[in-house]
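Reading through the structure tokens given below for one structure.
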Amino acid sequence: MSKPGKVHFEQISLSSDNGADLQFNGRLFSESSYYDEDSATLTRLRLYISDRNEQIYSIVSGSGQHKTRRHYMVAEEDGAYRISNGVHTLRLPLELLFSSVFGLCGIDPDRADELRPDFEESLRLIVG
């Protein structure tokens, strides 16, 4: 019988269209799905936490016979964040990571200061 509060990890394998498959011990943290009626595309987003406290994002989109698969790993290292898609890796300081996320998400720069504390708290909860 397992102890209460003990986190169970399993072997997870993710494929990517870039050819960089990823295998790790982890657990599913959250998932969601979105359907775009204009393109008739279903996208499934999954966030995993590895046993080494890395965040792994899996994004799978499909429309009919066409399917795309990609994954990204994010880990904190010495005050910076390492982001990898299995082929390319970036190391970013926290400030640049937030600027990049806000820019990619189309968040108005005038609202960045207002939203940043919530993003920081979410990142701390996930990374630990």
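Every number in this note's numbering is 4 more than the matching position in the sequence shown, counting from 1.
The C-beta atom is built at its ideal place from N, Cα and C for all residues, glycine as well.
| field | Reduced DSSP category for Ser19 - H, G, I as helix; E, B as strand; rest coil | value | One-based indexing of the sequence shown puts residue 19 at position 15. In this structure, Ser19 counts as coil in the three-state DSSP scheme.
| task | List in chain order: all unbroken beta strand (DSSP E) runs of 3+ residues lying wholly within the segment 56-131. | result | 59-67, 70-81, 84-88 and 93-97
| task | Measuring alpha carbon to alpha carbon, tell me which of Glu14, Asn29, Tyr85 and Asp55 ends up nearest Glu99. | result | Here the question's residue 99 lines up with position 95 in the sequence shown. The shortest C-alpha separation from Glu99 is found at Tyr85.
| query | Using 8 Å as the Cβ pair cut-off and three pairs as the minimum, do the segment 79-97 and the segment 39-48 touch? | reply | Verdict: no, contact absent.
| task | Could you say which of Asp122, Ile63 and Leu26 lies nearest to Phe102 if we only look at CA atoms? | result | By one-based count along the sequence shown, residue 102 stands at place 98. The option with the nearest alpha carbon to Phe102 is Asp122.
| Ser17 to His75 span [Cα, whole Å] | Position 13 of the sequence shown, counting from 1, holds the residue named residue 17. Position 71 of the sequence shown, counting from 1, holds the residue named residue 75. Between Ser17 and His75, the C-alpha separation is close to 11 Å.
| field | Alpha-carbon to alpha-carbon, Gln27 and Asp112 | value | Residue mapping note: residue 112 aligns to position 108 of the sequence shown, counting from 1. Residue mapping note: residue 27 aligns to position 23 of the sequence shown, counting from 1. So the alpha carbons of these two residues sit roughly 36 Å apart.
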